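Asks:
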Amino acid sequence: MTRQTVVIALGANLPWQGQSPEQTLFDAAASLKRSGLLQDLRLSRLWRSAPVNALGPEFVNAALVAESDRSPDDLLSLLLDTELAFGRDRRAHEHTAGVSPARTLDLDLIAVGDLRCQTADLTLPHPRATQRAFVLEPLAELLPSFGLRDARGDQASVATWLSRLSSSDRAQLHPVE
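The structure is reproduced here in structure tokens:
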């Protein structure tokens with residue numbers, strides 16, 4: 169596979185082994201870098217957001233952008249293995265009535281270049297990324313002109329999708345000081 173831009177959304181709202189969600193995101197990014205599957209990693213600043221269809225306290229969110237020549241399936245496996253290393257087993261914590269449990273780490277593969285795919289385990293680009301301030305705001309820091317498709321297949325830049333969100337959606341997001 170040719171080298172592609174990889175976009176990953178990171179989130180956490182529970183401590184892991186005594187460390188804060190903020191530290192967990194930094195450690196997860198370092199773990200992803202050590203894997204060797206991602207190159208030229210860049211991490212946005214951290215943001216706080218109210219849980220969306222999830223239980224628990226506020227989330228800490230960030231975006232990570234990297235380059236990789238690995239397949240989306242390889243990248244998804246890397247993210248799931250990293251979540252597991254930080255105490256989250258997606259298979260053991262299924263959604264209940266559309267609400268996700270609180271989590272020590274959430275890593276979502278948002279996009280791999282302009283690839284489009286839909287399997288039982290992965291949809292690219294992420295079908296709800298264009299509707300979520302906690303994905304778009306951190307990503308806009310790193311790649312505001314990156315083209316991202318919504319669930320209907322319409323494409324626009326990250327900055328454009330962000331500008332289309334309601335002010336109330338954007339107001340629920342605050343940078344971590």
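Note that my numbering has the sequence shown beginning at 169, numbered continuously upward.
No residue lacks a Cβ here, since even glycine has one placed at the ideal position from N, Cα and C.
This one's a predicted model, so the numbers in the text were calculated from it and none came from an experiment.
Considering V175, what are the terminal residues of the beta strand (DSSP E) in which it resides?
Replies: Counted from its first residue, the sequence shown places residue 175 at position 7. Looking at the DSSP string, the run of the beta strand (DSSP E) that includes V175 is Q172 to A180.
Asks: Roughly how many whole angstroms lie between the Cα atoms of Q323 and G315?
Replies: For the purposes of this step, residue 323 is taken as residue 155 along the sequence shown, with counting starting at 1. For the purposes of this step, residue 315 is taken as residue 147 along the sequence shown, with counting starting at 1. For Q323 and G315, the distance between alpha carbons rounds to 6 Å.
Asks: Could you tell me if L223 is buried or exposed, where buried requires 16 or more neighbouring beta carbons within 10 angstroms of its beta carbon?
Replies: Here residue 223 refers to the residue found at position 55 when the sequence shown is read from its first residue. Result: exposed.
Asks: Which runs of the alpha helix (DSSP H) spanning at least 4 residues fall entirely within the segment 285-322, listed in chain order?
Replies: 301-310, all fully within the segment 285-322.
Asks: Using CA atoms only, rank isn't needed, just tell me which of L283, V175, T250 and D242 is closest to A230.
Replies: Within the sequence shown, numbered from 1, the residue matching residue 230 stands at position 62. That would be V175, whose Cα lies nearest to the Cα of A230.
Asks: Three-state secondary structure (DSSP) at E190?
Replies: In the sequence shown, counting from the first residue as 1, residue 190 sits at position 22. Here E190 sits in helix by DSSP.
Asks: Where do the ends of the alpha helix (DSSP H) carrying R271 lie?
Replies: By one-based count along the sequence shown, residue 271 stands at place 103. Element bounds for R271: n/a, residue is neither H nor E.
Asks: Please report the straight-line C-alpha distance between L311 and D282, rounded to a whole angstrom.
Replies: Residue 311 sits at position 143 when you count from the first residue of the sequence shown. Residue 282 sits at position 114 when you count from the first residue of the sequence shown. Those two C-alpha atoms are separated by around 14 Å.
Asks: Mind checking A180: buried by the 16 CB within 10 Å criterion, or exposed?
Replies: The count along the sequence shown starts at 1 and reaches residue 180 at position 12. Burial call: buried.
Asks: Please classify L211: does DSSP put it in a helix, a strand, or coil?
Replies: Counting from one through the sequence shown, the residue named residue 211 turns up at place 43. Note: L211 maps to strand in three-state DSSP.
Asks: What's the gap between the Cα of A196 and the Cα of F254?
Replies: On the sequence shown, position 28 is the one that residue 196 refers to. On the sequence shown, position 86 is the one that residue 254 refers to. About 8 Å.
Asks: Where DSSP assigns a beta bridge to W184, which residues make up the other side?
Replies: Position 16 of the sequence shown holds residue 184. Q187.
Asks: With a threshold of 16 other CB atoms inside 10 Å of the CB of A297, please say whether the residue is buried or exposed.
Replies: The residue you call residue 297 lines up with position 129 of the sequence shown. Buried: at least 16 other Cβ atoms inside 10 Å.
Asks: Return the chain-ordered list of same chain residues with a C-beta closer than 6 Å to the C-beta of L246, the five sequence neighbours on each side being excluded.
Replies: Along the sequence shown, read from residue 1 onward, the residue named residue 246 stands at position 78. Cβ within range, chain order: S203 and L205.
Asks: In the DSSP assignment, find the unbroken beta strand (DSSP E) run with L244 in it and report its ends.
Replies: Indexing the sequence shown from 1 puts residue 244 at position 76. Here L244 belongs to no beta strand (DSSP E); instead the alpha helix (DSSP H) covers P240 to A253.
Asks: Please classify Q185 as buried or exposed, where buried requires at least 16 other C-beta atoms within 10 Å of its C-beta.
Replies: Start at 1 with the first residue of the sequence shown, and residue 185 comes out as number 17. The residue is exposed, with fewer than 16 neighbouring Cβ atoms inside 10 Å.
Asks: Determine, using beta carbons only, whether R338 and A308 come nearer to each other than 8 Å.
Replies: Within the sequence shown, the letter at position 170 stands for residue 338. Within the sequence shown, the letter at position 140 stands for residue 308. Not in contact: R338 and A308 (Cβ atoms no closer than 8 Å).
Asks: Going by DSSP in three states, V326 sits in which element: helix, strand or coil?
Replies: Residue 326 sits at position 158 when you count from the first residue of the sequence shown. V326 falls in the helix class under three-state DSSP.
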